[in-house]
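Protein sequences, first through last, are from chains A and B.
943 is the number that our numbering gives the last residue of the first sequence; the numbers go up by one with no jumps.
1149 is the number that our numbering gives the last residue of the second sequence; the numbers go up by one with no jumps.
Every residue gets a Cβ at the ideal spot worked out from N, C-alpha and C, and that includes glycine.
Here is the structure we will look at.
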Amino acid sequence: MSIKEKLLDKANVTRRTFLKGASVAGATAALYGCGGGGGGKTYMEEDETVEVPKIIDATIINGSTPHNCGGRCASKYYVKDGVVKRIVTDEGTDKNALGTTANDPQRRSCVRCRSRKQWFYRNDRLLYPLKQTGNRGDVNGFVRISWEQAFNEIGTKLKSVIDTYGARSLHCIYASADSTGWSGAAVNRLFNMLGGSLPYRDDYSWPALDHVATFTEGAGYIPEGNSRGDVVNAEHVFLWSYNGLEAIWGTQSGWYLTQAREKGIPMTAIDTRVSKTAATIADELVTIAPTTDAALILGMLHHLLTTRMANLDVSFIKAHLHGFFDDPAATSYHSSVAAGTYVVPNGASLSAFVMGNVAHAENGAASIYPDTIGYNVNTSGTLTDPLAGKRAPIDGQTPKTPEWASAITGVPAAKIREMANTLLDKNCSIWNGSGFQRHSESEQAVWLLRVLSVVTKNFGAAGCSYGMQPWSWVSGPANGMGVSNPVSSTLTSILYDATEMTTTAFYANDTKNTIPVFTWLDALENGGTGQSRWNDGQIKALPVGIKCIFNFAGNVLANQSGDVNLSKSVLADRTKAELLVTCEHFMTASAMMCDYVLPGTMQMEKPGASTGWFSEEVLSVPGVLEIPGEVKSEYDICAGIASVLGIGAQYTDGKTMEDRLAAGWAAGVTAGTYDISYEEFKKNGIWKPTLPITIKYKAFREDPANNPLNTPSGKFEAYAQWMMEDYQARHYNNLDSYGTLENTGVIMDAKRPAGSTSMRFVYPIPMYIPAVEGRHADGSHPDLLGRETAGYKYTLHTWHMMYRSHSTLNSVAYLNENYKKDVNGNPAFLPETRKPANGKAVKTWEDGVYEPVWVSPVDAAKLGLSSGDRVLIENDRGKIYASVVVTQRVPEKVLYIGQGSWHSKEGSIDVGGCANSLTHARPSRICQGMTLANDCRVKITKA
Amino acid sequence: MSAKQMAFYFDQNRCMGCHACVVACKDWNDVKPGQARWRRLSDEEVGTFPDVKVFNLVMSCNHCANPACTAACPVGAIYKREEDGIVIVNRDLCQDIRACLVACPYGAPQFGDDTSEPVKQASWAVKHPMQKCTMCWDRLAEGLLPSCVASCPQRALDFGTAEAIAAKYPTAVRTVVGFPDTDKDANGNTLKSGDTVPSIFFKPKA
Ligand code: SF4
Ligand code: SF4
Ligand code: SF4
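Shown next as structure tokens:
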């Protein structure tokens, strides 16, 4: 009998024999008269109890670790000898008065910032500069070098690239992991002092939201709605593709919505699956086939234009929305736009398109739009596109009835009518997310949602809103790092043909002298050759390609952009990029592809400040933690390179980061922005002004003629001629020689003032265009590339999960153990003790720690899969391993995987489970944005 | 019964299943990554897509009024504090018998492994003695809320004396979807020591 068996054998083991056994087993404490066993005493004698431990003696520092989630919440750190011992969040008063200026909740952080001890202190952290001595991507080729060698070699090579190709060949690639802003500011300052670099526009997150809002509402950034707190004034809330509770769209947004719901405001979620947000706060979930949102909105508009026509406020619509109805004699609210130059020809309006071949009383003609649309792609040469000559249905002559929409989206027609009625009859707020724009036709639904909000009068009044809160409330202290980019102004004449534009007076955007952020790979692969993989007019016009990339605090190169395997093959070619430099905390997939990998400081190891999305506060990020190894700040790194190039003194101006922040804060105090000193700010860790509740577009709603929007019409634009012209100005030949418009219709533009009958690739109105690898509820998707017959019967759909921000924090064990799995389906993580061999680099990821993929029970049964099974997900672009989670939260035929896991190949398989090993690099039609993260067909097998 | 009983409150409607409380607990109590977790999240899906409801539940030790663990432990390593009803394990006394693990209806007793607990403390009798929620008694002593409760971005958790919680949430109930039977051990057998009377109140998901 083992001691354990003896102990459990209570009938035969007396207390006395137990005590003997216990001391044999090494028990040190005296035991007597205890409870247990016979269910006797519950309380122990005094000397058997445990002392309440004293909370460790540490300094409590208020700060934050801001990265690119929307929260940027408050944290408090128990710091001892420069080391974080404990992390808690805002523990001040939780003052909840949503919708009033008294609202001041605790800025409670989410699981990501709670997990940071396992981020700060990992032995696989990069601690000294590494240089690739082998082929790019070879983990064994990295050797440790000194900072002196790193600065000298990088500086020398940088100079030679500039001397040979010009500053235009430098690129500071999109990177978002450091929301103190130092990483981007440091590189841009260096580059701009050396002559500039090739700039990009928009971002990876919201390119369609950015682009469309620029042109259709004259916004500087994204579609703009009321303050978050105004949600309490809504009679109904629509959460459109919105998973803000999980992704954290602004600190406390989930809490705000929860309070609104508890006040009885009904919430409808429109999503493709039961997200954490939908599962938690939606009273009703309307599930939709991925990438078909535009069809749903068109169906709603058709219902409004027919059944509810009597209730539409036509004169209001006409006063606020350009081109919803035909308007051949339209005049602008802006006197600078000449009469007759910005009109809506008969049959060309959005409502005409919605009605198809059926006449509408408000319009001059039935729809002029054809039934199909082509692709503006390479039709010959080595870069010939498989979409060349293919045509997708746009159903220009078909009425977009709720039944038409239902077949595509899978949303019942009655539900489509009901939602349209609610929007028309109630004060509604639409909170949008961005998953609905992650496909090849990303712009359409974003645009249509704005149209829908105007047609149903859900903007500019309390409780009536679509979009995100304006971002301009508060801002962090200026760091004085800005130097203008000398390259920008030289690009306008190259990248833009302004003669295509009726007017350039209303730009809030910079399409004219930048490349779309997503097209850097094309600029690297084809820039300077007159070619573009995607037939992008601006890439073709580039006089020189990208030759040097600095990637500081980002993972776009070989993880967060479409088609990682394609990216890697281009990056590996040293005749394309001659210098690739990453500054990072860990050996990411992008770092792995670089010539130099430099260890950078984490947030809290350098001073900083940050604002969250929808900025209601400024957070301090004091640099109080001990910096490990030879880690340096991005500022010091770039200053080191600048020194080699003889501009070290100009670079720093003799200032430290702290000096710069203090000066920026002081300037803010002088300007009346901040009402506390820099020292107080740092002590409090947060600055919270009293914020008004903004009703966006209120003045425009009430008196549009005197408060016009920053668009050529002065209104929201359902017909955005200038957005189409801008596409043409970017050197795209937009005339599709395939055919002409219907009903002898014409579309005008600056170069064709009398109108052209030609079909186009980009029209002035939003439509429903099937995503290239999409699917329709009724199986009618055109599948132009034959993905279904090629065996790729499943759609891969990604989301922004709780346990990372993009690819940031992917290796944090406190997070991983909650969702990653081993080959047997047990929780798995890379232990913090994992470390590189001396002077070497670690692999990006290890086989055996897999990313979960959500599979519906119906598909799981068909495929013979159970939760915890390892699967191979693949297509002709790549292969990944993942671990199955069978769940009722997802529809059949769609697999869901979190975006951002770290690509790491063993043989041909990415064991890290990066979704972008499978996604496409094709840019979207109009804004050339994003990865096609929800527009991706795959197959899945047990592995 | 103890003189006073501290208790948790959990609003199942508010919980989104984010693990902030789980990690806040691990961080505060320095429980390293690995199988031991003093607060755990589970979920139950009811219905089929798209008409599916998700019932999240986070649970730690419920600091029962009548703890099954203390009754089960043959070495008396677990005890209940008179002053606040908190159930505490004396890790020095634990012999790794794991009777508590069988007895506790809620899976509260936790055991580390060599990854999470690489170093055995000198005072411990075994390599990985039982560990579990202390209701953050060190924080309570300083007037702070338990780490988990103070962490929840959704304000799904609350904490106080059982009387105060019952008064603050008059419609609170004593069980919720996913919550185990309070009088059955981990194997589903009726506990000889009687109903545990867990110190937790709920708002069930509507
Ligand atoms: S922190 Fe709150 S919302 Fe998140 S799992 Fe815990 S109880 Fe639920
Ligand atoms: S929950 Fe389990 S471990 Fe906690 S007191 Fe009750 S029986 Fe003991
Ligand atoms: S009360 Fe403290 S120890 Fe218990 S689960 Fe919450 S955080 Fe963990």
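query	result
Contact test: S1094(B) Cβ vs ligand 1 heavy atom, cutoff 8 Å	yes
Under 7 Å from the C-beta of A950(B): neighbouring residues of chain A	What A950(B) touches in chain A: nothing, since even the nearest Cβ is about 17 Å away.
The segment 727-737 of chain A touching the segment 463-475 of chain A, judged by at least three CB pairs closer than 8 Å	no
Nearest candidate by alpha-carbon position, reference E773(A), set L387(A), P477(A), V358(A), K85(A)	L387(A)
For review: beta carbons within less than 7 Å of any heavy atom in ligand 2	C1004(B), N1005(B), H1006(B), C1007(B), P1010(B), A1011(B), C1012(B), T1013(B), I1021(B), V1030(B), C1043(B), A1046(B), C1047(B), P1048(B), Y1049(B), A1051(B), P1052(B), K1075(B), T1139(B), P1141(B)
Assigned secondary structure, P704(A) (DSSP; H/G/I helix, E/B strand, else coil)	helix
Any chain A beta carbon closer than 9 Å to N1005(B)	no
Spatial distance of V842(A) from F142(A) (CA atoms)	10 Å
Continuous alpha helix (DSSP H) assignments of at least 4 residues falling wholly in the segment 1030-1059 of chain B	1042-1046
Beta carbon proximity, I60(A) to chain B, threshold 9 Å	no
Of the residues P852(A), T341(A), S924(A), the one placed nearest A720(A), counting alpha carbons only	T341(A)
beta-carbon M959(B) near ligand 1 non-hydrogen atom, thresh 8 Å	yes
Contacts that P891(A) makes with chain B (C-beta to C-beta distance below 8 Å)	F992, P993
Contacts around D1101(B), its chain only, beta-carbon distance under 6 Å, and the 5 residues preceding and following it disregarded	Y952
Chain B contact for Y794(A) (CB, 9 Å cutoff)	no
Distance cut-off 8 Å: H962(B) Cβ against heavy atoms of ligand 1	yes
Ligand 1 heavy atom lying under 8 Å from the CB of A392(A)	no
Counterpart residues of D653(A) in DSSP-defined beta bridges	For D653(A), which the question treats as bridged, DSSP gives no partner whatsoever.
Contact set between Q1097(B) and chain A, taken where Cβ atoms lie within less than 8 Å	L245, G254, W255, T258, T280
Chain-order list of residues whose beta-carbon lies under 8 Å from that of C113(A) (same chain, five-residue window excluded)	S64, T65, G71, C73, S75, I87, T89
Contact list for C1091(B) against chain A, beta-carbon separation under 7 Å	Chain A residues near C1091(B): none, gap ~10 Å exceeds 7 Å.
Environment of K606(A) [buried if 16+ CB atoms lie within 10 Å]	buried
Per-residue DSSP class, three states only, for E148(A)	helix
Span of the beta strand (DSSP E), counted from its first residue to its last, around K939(A)	937-942
Beta-carbon proximity check, C1075(B) vs V1032(B), cutoff 9 Å	Cys is not the amino acid found at residue 1075(B); the sequence shown has Lys there. Contact: yes.
C-alpha distance - S146(A) paired with Y596(A), whole-angstrom precision	11 Å
For F18(A), three-class secondary structure by DSSP	The pLDDT assigned to F18(A) is 36, lower than 50, so where the model puts this residue is not dependable; a value taken from the coordinates is nonetheless given after this. Here F18(A) sits in helix by DSSP.
Identity of the residue in L932(A), S484(A), A777(A), H797(A) nearest W404(A) by Cα	A777(A)
6 Å Cβ shell around Q469(A) - same chain, five flanking residues per side excluded	S227, R228, F614
Residues near T384(A) in its chain [Cβ-Cβ closer than 6 Å; skip 5 each side]	N378
Three-state secondary structure assigned by DSSP to H67(A)	coil
Local conformation of C1091(B) per DSSP, three classes	helix
Alpha-carbon spacing of I270(A) relative to M723(A), whole angstroms	27 Å
CB contact check: K54(A) to chain B, cutoff 9 Å	yes
The segment 413-426 of chain A touching the segment 783-791 of chain A, judged by at least three CB pairs closer than 8 Å	no
Proximal residues, the segment 828-845 of chain A versus chain B, C-beta separation under 9 Å	F829, P831, E832, T833
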